[in-house]
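Structure record follows, encoded as structure tokens.
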Amino acid sequence: MKNSKLTFILYVVCICALFGSFAQNIYTPILPMIQNSFHTSLYLVNITVSLFTFVLAIMQLVYGPLIDTKGRKSVLIPRLVISTIGS
Numbered sequence: 001m002k003n004s005k006l007t008f009i010l011y012v013v014c015i016c017a018l019f020g021s022f023a024q025n026i027y028t029p030i031l032p033m034i035q036n037s038f039h040t041s042l043y044l045v046n047i048t049v050s051l052f053t054f055v056l057a058i059m060q061l062v063y064g065p066l067i068d069t070k071g072r073k074s075v076l077i078p079r080l081v082i083s084t085i086g087s
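Each residue of the sequence shown is one higher than the one before, starting from 1 at the first, in the numbering used here.
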């Protein structure tokens, strides 16, 4: 039983890591369109990819302890509502 639980946790961690990479890979192909829309250099547009990755990493450090102290539902449900409204 303990081995299957550890395997499940490993799968969840791997899938979460995949989603972070997947989000960045969805964003990257439209960079030339963003460059044309905002009439800016490709360098400045590429900085947004670095900022996206940086914010993703920092927010995991913020949400981890917050979820440990407040509980998952009380932290993630408002976050999902804000994310849904924002997108």
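Glycine residues also receive a C-beta, built at the ideal position from the N, C-alpha and C atoms. Predicted, not measured: the structure shown is a model, and the values here were computed from it.
Simplified DSSP assignment, three categories, for residue i
| i | result |
| --- | --- |
| residue 71 | coil |
| residue 48 | helix |
| residue 40 | coil |
| residue 4 | helix |
| residue 91 | As shown, the chain starts at 1 and ends at 87. That puts residue 91 outside it, with no answer to give. |
Near the ligand MN: residue i beta-carbon under 7 Å from a heavy atom
| i | result |
| --- | --- |
| residue 43 | Looking at this structure, you won't find the ligand MN or any other ligand, since it has none at all. |
8 Å contact criterion, which residue i and residue j should meet: CB distance rounded
| i | j | result |
| --- | --- | --- |
| residue 66 | residue 55 | Not confirmed; about 16 Å, so no contact. |
Is the number of C-beta pairs between the segment 45-52 and the segment 12-27 that are closer than 8 Å three or more?
In short, these stretches touch, since the Cβ pair count reaches three.
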